[in-house]
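Going line by line, the protein sequences match chains Z and L.
Just remember that the numbering used here sits 510 ahead of the position in the first sequence, which is counted from 1.
Just remember that the numbering used here sits 510 ahead of the position in the second sequence, which is counted from 1.
All residues carry an ideal CB built from backbone N, CA and C; glycine is no exception.
Here the structure is a predicted model, which means the values were calculated and not measured.
2 protein chains.
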Amino acid sequence: MSNEKRRIGVVAPASRMYPEVPDRVRALAQSLYPDRTPEIVFHPQCFAAHAHFAGDDPTRARAFLDIANDESYDALWFGRGGYGSCRIVEDVMGGLTAAAERKTYLGYSDTGVLLAALYRAGFEAVAHGPVAQDILRQEGGDAAAGRALAWMVERAPEALEPTVCRTRKTAAFNMTVLSQLLGTPLQPDLDGHVLMLEEVAEAMYRIDRSLFHITSNPAIRRVHGIMLGRCSRITPNEPDFGMNEEEVARYWCRRSGIPFLGRADIGHDVDNKIVPFGVA
Amino acid sequence: MSNEKRRIGVVAPASRMYPEVPDRVRALAQSLYPDRTPEIVFHPQCFAAHAHFAGDDPTRARAFLDIANDESYDALWFGRGGYGSCRIVEDVMGGLTAAAERKTYLGYSDTGVLLAALYRAGFEAVAHGPVAQDILRQEGGDAAAGRALAWMVERAPEALEPTVCRTRKTAAFNMTVLSQLLGTPLQPDLDGHVLMLEEVAEAMYRIDRSLFHITSNPAIRRVHGIMLGRCSRITPNEPDFGMNEEEVARYWCRRSGIPFLGRADIGHDVDNKIVPFGVA
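Structural data, given as structure tokens:
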């Protein structure tokens, strides 16, 4: 990448971003890149409110397209996950222009619906990694947001999940989000990919069920293998499930014939590393 | 149906059944059918314990096959849902013999995984309806279990969901359970069916997401229409979702072009009516 200043647009396709995020993010960007501070534009939609969502469906779709289709932006950064990307993905994908193809897209969790659709459409700079609101996480929020900036500004190799390499395709998803794309026209083609999966705030029986679903899909069975990210804030299982998330992942990999490739350094936390979709 | 006594076998393919169920169910059967009391055999597996499950996977699969493949049983009744049917469905389907095809199968919720697989395999007497443990529900548990017996013993028309008719194929599922079958070899062919969907103990955003998933599946879009069962014990949504379950169902039906056919008399409650898979 050149030394020119990057321009990053932030949209929130699902839940509303917190109002304190922009100042924190801009200060961080200034401190990390004093000579070429990226311009970070938070679309007003990030702060809109429509019941559960950061604005109603048309508002969120339009905001995405405002940034994606604007030549002046180098990257579209998701402000926050939550829930709602599936409601706008059809309108977003139907409204993209050529300017959108050259951008970097970065986010995770619920926004995986949009990452999947963009990747499926052939976009080449789609990645799983921290959202802007991760800067508010305790003990390390700056590191998470800084890692996202390092990827968007300079493709810093140290921002990458450590096993990501230039010779093997990768993809990363929240388990539930990927599960809810299976059997729909949004399901991405992950043949030959290392598929990294993480989860948050689900009971162990639900993790087991999601992995049943994912590993039972014939197309998913053509992945190179599955790596298990962190499963955090697991909710109580009554009675105890009797297996932890790694045992469960190994179980379904064995049953489905998918190689289990160990742990991945991703999750709903400050250590969440960047995983490019496709080859880095 | 003839007046001969029916023989019903009960298995629990997922979570453990409570020990007080058999006495309650047998007393009810005696009171409802004093002259031809059905013999109700609770497989010992119903009370087995293996962490989350009513026995480990091989134990549950074997119990299912013990009843299903035994000519002397007229019906296999699920003792309880919970979670776990997806772990045994492959072994169950691989082990069925001709004797299994002539039986009635009755259950709902998690056991929908097995109902789907049996229906897909061409079994003709598969139905969605109360499990044995529903007899323990407050205020009406006997009515729920009695309705299941009325279906298994005498095909009582009053046990049926009121819109079920002899000319239109039907199917019924818990939303999450059907969602987790989409895109797998277990997904049932529901072309032309009235598809009834119910849910329990999920937040509204999850109901919305499940309906996105279900209505986005190209094969599901060939149903005759969707009817919405009850969505009970909906967990809090923060912030408020802004739509209720019927508004959400109508929204996704409109978006997907699937006719919304109104409310169905099914759910996780004592009023849960019988919905045969296929034509009644």
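Quiz item: For the region 594-609 of chain L, which residues have a beta carbon sitting closer than 9 Å to at least one beta carbon of chain Z?
Solution: Legend: CB atoms of the region 594-609 of chain L lying less than 9 Å from CB atoms of chain Z belong to residues G594, C596, R597 and E600.
Quiz item: Applying the criterion that 16 or more other CB atoms from any shown protein chain within 10 Å of the CB defines a buried residue, is Z:G617 buried or exposed?
Solution: Flag for Z:G617 reads buried.
Practice problem: Report the option in Z:R590, Z:Q648, Z:L659 and Z:I736 whose CA atom is closest to the CA atom of Z:K679. | Solution: When only C-alpha atoms are compared, the closest one is Z:I736.
Quiz item: What three-state label does DSSP hand Z:I768 in the structure shown?
Solution: Shown here, Z:I768 sits in coil according to DSSP, grouped into three states, outside any helix or strand.
Self-check item: One or two residues paired with Z:V551 in a DSSP bridge
Solution: Per DSSP, Z:G519.
Practice problem: Go ahead and label Z:M511 buried or exposed: buried means 16 or more other beta carbons lie within 10 angstroms of its beta carbon, across all protein chains shown. | Solution: Only weak support is given to the placement of Z:M511: the predicted model assigns it a pLDDT of 49, under 50, and the value that follows is read from those uncertain coordinates. Result: exposed.
Exercise. Decide if Z:T607 is buried, meaning its Cβ has at least 16 other Cβ atoms within 10 Å, or exposed.
Key: Burial call: exposed.
Self-check item: For L:L586, the three-state DSSP class (helix, strand or coil)
Solution: Annotated three-state conformation of L:L586 is strand, per DSSP.
Practice problem: Would you please verify whether the beta carbon of L:D750 is less than 8 Å from any beta carbon of chain Z? | Solution: Closer than 8 Å: yes.
Self-check item: Residue closest to L:R657, alpha-carbon to alpha-carbon, out of L:L625, L:F770, L:I784 and L:A524
Solution: When each option's Cα is compared against that of L:R657, the closest is L:I784.
Quiz item: In the structure shown, what three-state DSSP assignment does L:S525 receive?
Solution: Residue state, collapsed to three classes: coil.
Exercise. Return the first residue and the last residue of the alpha helix (DSSP H) that L:D622 is part of.
Key: Checking the sequence shown, residue 622 of chain L turns out to be Gly, not Asp. Its alpha helix (DSSP H) spans residues G622 to R630.
Quiz item: Alpha carbon to alpha carbon, how far is Z:R740 from Z:E709?
Solution: For Z:R740 and Z:E709, the distance between alpha carbons rounds to 7 Å.
Self-check item: Helix, strand or coil at L:R760 according to DSSP, with G and I counted as helix
Solution: Here L:R760 sits in helix by DSSP.
Quiz item: Once you ignore the five residues that flank L:V663 on each side, which residues in its own chain have a CB closer than 7 Å to its CB?
Solution: Contacts found: R516, Y543 and P548.
Exercise. Examine chain L for any beta-carbon lying closer than 8 Å to the beta-carbon of Z:R719, and answer yes or no.
Key: Taking Cβ atoms only, chain L reaches closer than 8 Å to Z:R719, which makes this a yes.
Quiz item: In chain L, which residues lie less than 8 Å from Z:F722 when you measure between Cβ atoms?
Solution: Within chain L, the residues near Z:F722 are C596, R597 and Q690.
Quiz item: Fully enclosed by the region 675-707 of chain L, which beta strand (DSSP E) runs are 3 residues long or longer?
Solution: 680-684, all fully within the region 675-707 of chain L.
Exercise. Hey, could you find the ends of the beta strand (DSSP E) L:Y715 is sitting in?
Key: According to the DSSP assignment, L:Y715 belongs to no beta strand (DSSP E) but to the alpha helix (DSSP H) extending over M714 to S726.
Practice problem: Buried or exposed for L:N754, please, with buried defined as at least 16 other CB atoms from any protein chain shown within 10 angstroms of its CB. | Solution: Label assigned to L:N754: exposed.
Practice problem: Tell me, please, whether the CB atom of L:S726 is closer than 8 Å to any CB atom in chain Z? | Solution: For L:S726, the answer is yes, since a Cβ of chain Z falls inside 8 Å of its Cβ.
Self-check item: Proximity winner among Z:T694, Z:A585 and Z:P698, relative to Z:Y629 (alpha-carbon distances)
Solution: Of the candidates Z:T694, Z:A585 and Z:P698, the one whose C-alpha sits nearest the C-alpha of Z:Y629 is Z:P698.
Practice problem: Please decide whether L:Q555 counts as near chain Z, where near means a Cβ-Cβ distance under 8 Å. | Solution: Chain Z contact via Cβ: absent.
Quiz prompt | Min CB distance Z:Q502 to chain L below 8 Å | solution = Any question about residue 502 of chain Z goes unanswered here, given that chain Z covers just 511 to 790.
Practice problem: Tell me whether Z:M511 sits in a helix, a strand or coil according to DSSP, three-state version. | Solution: Because Z:M511 carries a pLDDT of 49, less than 50, the predicted location of this residue cannot be relied on, and no value is offered for it.
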